[in-house]
Amino acid sequence: MKIAICPGSFDPITKGHLDIIARATTLFDKVIVLVAVNPSKRCSFTAEERLDMIRRSTTQMERVEVDTFSGLLADYVDQVGACAIVKGLRAVSDFEYEFQLVMANRKLHNKAETIFLTTASEYMFLSSSFVKELAEFGGNIADFVPAEIVGDIMERLGKS
Ligand code: PNS
């Protein structure tokens with residue numbers, strides 16, 4: 002069975018993430034969406050909340066599992082026997098950081114390949130930070146995040 006990991010902060014998951022995850026399911030038997038817990042990163046949602054939002058957004062995707070992990074991605078990849086790490090690439094500006102991660106993961110674990118899927122053109126500009134800023138300023142986030150989680154985000158970040 003070919004297993005891929007889609008790792009990220011997902012704070013929160015966006016339609017851009019969802020598009021990459023859906024496309025990864027056409028390439029692999031199982032796709033594990035992995036909420037990486039990084040204690041030094043200040044997130045708006047707890048790991049459990051992010052996990053729950055991803056779960057509710059991917060119920061229609063049969064090959065998708067959701068998990069959380071605190072530690073090195075390379076160790077998780079080993080633990081579940083994944084053959085690939087799948088990431089979305091939006092623009093050239095993403096490349097330097099992603100390239101660093103690929104090199105680090107390759108050094109730590111030389112079996113899994115990192116595969117980049119280019120983001121759909123309508124989500125080129127989209128990021129979790131953009132969604133959060135939009136919500137904080139009372140903008141309409143419905144076009145940018147799965148319908149299932151609009152309420153969660155507005156409740157946490159929107160002005161009541
Ligand atoms: O959505 P993000 O924040 O860009 O995702 C980055 C993530 C979580 C994929 C990356 O930080 C990661 O893999 N973290 C786990 C720790 C790790 O293995 N770091 C790389 C080697 S030092």
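If you read the sequence shown in my numbering, its first letter stands for residue 2, the second for the next number, and so on. Cβ coordinates follow ideal geometry from the N, Cα and C atoms, glycine included. Model, not experiment: these values are computed from the prediction.
**Prompt:** Residues in its own chain within less than 8 Å of Asp20 by CB, not counting five upstream and five downstream?
**Reply:** Position 19 of the sequence shown holds residue 20. Closer than 8 Å at the Cβ level, and outside the excluded window around Asp20, lie Gly89, Thr120, Ala121, Tyr124.
**Message:** Please output, in chain order, the residues near the ligand PNS using a CB cut-off of less than 5 Å to any non-hydrogen atom of the ligand.
**Reply:** Pro8, Gly9, Ser10, Ala37, Leu73, Leu74, Ala105
**Prompt:** Would you call Leu109 buried or exposed, if buried means 16 or more other Cβ atoms sit within 10 Å of its Cβ?
**Reply:** For the purposes of this step, residue 109 is taken as the residue at position 108 of the sequence shown. Exposed is the call here.
**Item:** For Ala85, the first and last residue of its enclosing beta strand (DSSP E)
**Value:** Here residue 85 corresponds to residue number 84 of the sequence shown, with the count starting at 1. Where Ala85 is concerned, the enclosing beta strand (DSSP E) stretches over 85-90.
**Asked** From what residue to what residue does the alpha helix (DSSP H) around Asp53 run?
**Response** To locate residue 53, count along the sequence shown from 1; it is residue 52. Residues 48-58.
**Asked** Do the region 38-55 and the region 64-76 touch if we need at least three Cβ pairs shorter than 8 Å?
**Response** Counting C-beta pairs with one atom in each stretch, the region 38-55 and the region 64-76 have three or more that are closer than 8 Å, which means they touch.
**Item:** Cβ distance (whole Å) where Val34 is taken to contact Val65 below 8 Å
**Value:** The count along the sequence shown starts at 1 and reaches residue 34 at position 33. The count along the sequence shown starts at 1 and reaches residue 65 at position 64. Contact between Val34 and Val65 holds, with the beta-carbon distance rounding to 6 Å and staying under 8 Å.
**Prompt:** Where does Tyr98 land, buried or exposed, given buried means 16+ other C-beta within 10 angstroms?
**Reply:** Walking along the sequence shown from the start, residue 98 turns up at place 97. Burial call: exposed.
**Item:** Same chain only: Cβ atoms within 8 Å of Asn141, ignoring 5 sequence neighbours per side
**Value:** As a first step, residue 141 must be located in the sequence shown, where it is residue number 140. So the qualifying residues of the chain are Leu135.
**Request:** Classify Lys160 as helix, strand or coil using the three-state DSSP reduction.
**Result:** The count along the sequence shown starts at 1 and reaches residue 160 at position 159. Coil.
**Run of the beta strand (DSSP E) containing Glu63, from where it starts to where it stops** = Within the sequence shown, residue 63 is the residue found at index 62, counting from 1. Run containing Glu63: none; DSSP gives neither H nor E here.
**Ile154 vs Ser58 beta-carbon contact at 8 Å** = Locating residue 154 in the sequence shown gives position 153, where the first residue counts as 1. Locating residue 58 in the sequence shown gives position 57, where the first residue counts as 1. No, the pair does not count as a contact, with Cβ atoms beyond the cut-off.
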